[in-house]
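> Please find one structure pasted underneath; my questions will follow.
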Amino acid sequence: MDKNSIDEISQDANNIFIHNLSQCMSEKRFLFREFPAMPFFVLEYLQKEHVAFFSSLLEKYDKAIHDAERLVYEYCDVIANFYEKILSVSDDYKINTLILASLPKIGWSYNRFYVGIEFAKIVAALKDESLIMFLEEFFVKNSGIAEFCSSYINKHDTVPMLITNALNSHKDRP
């Protein structure tokens, strides 16, 4: 088989895969079970090669978890691990800010320490100035979430100063 034939088969398989995923996007079972359980290389591939599709899928997932009446307490850990995997390969601002806004809300809403710990690790490793500024503004606008996160984030030495200041700005308020 020549290289062109292999490339055509590969493209056909890719198209079938994306088509099948798009058919499942609205199914809650897929969103809650299969999507976060996808192998890392699949998430990486989708995020790199199909950013708009992946972003749309992630938005549907995020909306579904926030619209759920009540998540199983331990499922919050699944979300934290899943979002951490995505952030490790994503360089898309929209995807990254969705995760950086969603994860602390989940930790705060469910008072889930594991989510706080994992989120703090993510924040401590942030280097992208635009994401740091995004989180600074997010914490200034969301005092309850900032208070929840501060006890986890302030344990790290490498937290950007803008974020530390935003978290500490809520300590003096009544």
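Residue numbers (this note's numbering): 17 to 190. Just so you know, even glycine gets a beta-carbon here, dropped at the ideal spot from N, CA and C.
1. Can you find the residues in the same chain that come closer than 6 Å, C-beta to C-beta, to Asn-170, ignoring five residues on each side of it along the sequence?
2. So the alpha helix (DSSP H) His-134 belongs to, where does it begin and stop?
3. Confirm, please, whether the CB-CB distance from Ile-102 to Ile-81 is below 8 Å.
4. Would you say the beta carbon of Val-94 is closer than 7 Å to some non-hydrogen atom of the ligand MG?
5. Assuming Ile-179 and Glu-152 make a contact with CB atoms under 8 Å, what is their CB distance in whole Å?
6. Would you check if the region 109 to 125 and the region 145 to 162 touch, i.e. whether three or more CB-CB distances between them fall below 8 Å?
7. Can you tell which of Tyr-168, Tyr-61, Pro-52, Phe-70 has its C-alpha closest to the C-alpha of Gly-132?
8. Can you tell me whether DSSP reads Asn-181 as helix, strand or coil?
9. Please say whether Phe-164 and Pro-120 have beta carbons closer to each other than 8 Å?
10. Go ahead and pull the three-state DSSP assignment for Leu-87.
11. Is Glu-100 closer than 8 Å to Glu-60 when the C-beta atoms are compared?
12. Taking the beta carbon of Val-58 as the centre, do at least 16 other beta carbons fall within 10 Å, making it buried, or is it exposed?
13. Thr-120 lies in the alpha helix (DSSP H); which residues open and close that run?
14. Taking the alpha-carbon positions, what's the Ala-140 to His-172 distance?
15. What residues in its chain sit with their C-beta under 7 Å from that of Gly-160, if we drop five residues either side in the sequence?
16. Might you give, ordered along the chain, the residues of its own chain that have their beta carbon closer than 8 Å to the beta carbon of Tyr-89, omitting 5 neighbours on each side?
Taking the structure as given:
1. By one-based count along the sequence shown, residue 170 stands at place 154. For Asn-170, where only same-chain residues beyond five positions count, there are no Cβ hits under 6 Å.
2. Residue numbering aside, residue 134 sits at position 118 when the sequence shown is read from its first letter. Here the sequence assigns Glu to residue 134, which means His is not the residue at that position. First-last of the alpha helix (DSSP H) with Glu-134: 129 to 141.
3. Looking up residue 81 in the sequence shown gives position 65. Looking up residue 102 in the sequence shown gives position 86. Not in contact: Ile-81 and Ile-102 (Cβ atoms no closer than 8 Å).
4. The model on display carries no ligand, and the ligand MG is accordingly not part of it.
5. Position 163 of the sequence shown, counted from the start, is the residue given in the question as residue 179. Position 136 of the sequence shown, counted from the start, is the residue given in the question as residue 152. That belief holds up - the Cβ atoms of Ile-179 and Glu-152 are roughly 6 Å apart, short of 8 Å.
6. yes
7. Here residue 132 is taken as the residue at index 116 of the sequence shown, counted from 1. For the residues Tyr-168, Tyr-61, Pro-52, Phe-70, the minimum Cα distance to Gly-132 belongs to Tyr-168.
8. Indexing the sequence shown from 1 puts residue 181 at position 165. Asn-181 falls in the helix class under three-state DSSP.
9. As a first step, residue 120 is located in the sequence shown; it is residue number 104 there, counting from the start. As a first step, residue 164 is located in the sequence shown; it is residue number 148 there, counting from the start. Taking 8 Å as the Cβ cut-off, Pro-120 and Phe-164 qualify as a contacting pair.
10. If you number the sequence shown from 1, residue 87 lands on position 71. Three-state result, Leu-87: coil.
11. Start at 1 with the first residue of the sequence shown, and residue 60 comes out as number 44. Start at 1 with the first residue of the sequence shown, and residue 100 comes out as number 84. No. Outside cutoff.
12. As a first step, residue 58 is located in the sequence shown; it is residue number 42 there, counting from the start. Classification for Val-58: exposed.
13. Here residue 120 refers to the residue found at position 104 of the sequence shown. Note on identity: in this sequence residue 120 is Pro, with Thr being the wrong assignment. Looking at the DSSP string, the run of the alpha helix (DSSP H) that includes Pro-120 is 109 to 126.
14. Here residue 140 corresponds to residue number 124 of the sequence shown, with the count starting at 1. Here residue 172 corresponds to residue number 156 of the sequence shown, with the count starting at 1. Roughly 6 Å separates the two Cα atoms.
15. The residue given as residue 160 occupies position 144 in the sequence shown. Only Trp-124 meet the Cβ criterion.
16. By one-based count along the sequence shown, residue 89 stands at place 73. Answer for Tyr-89: Tyr-126, Arg-128, listed in chain order.
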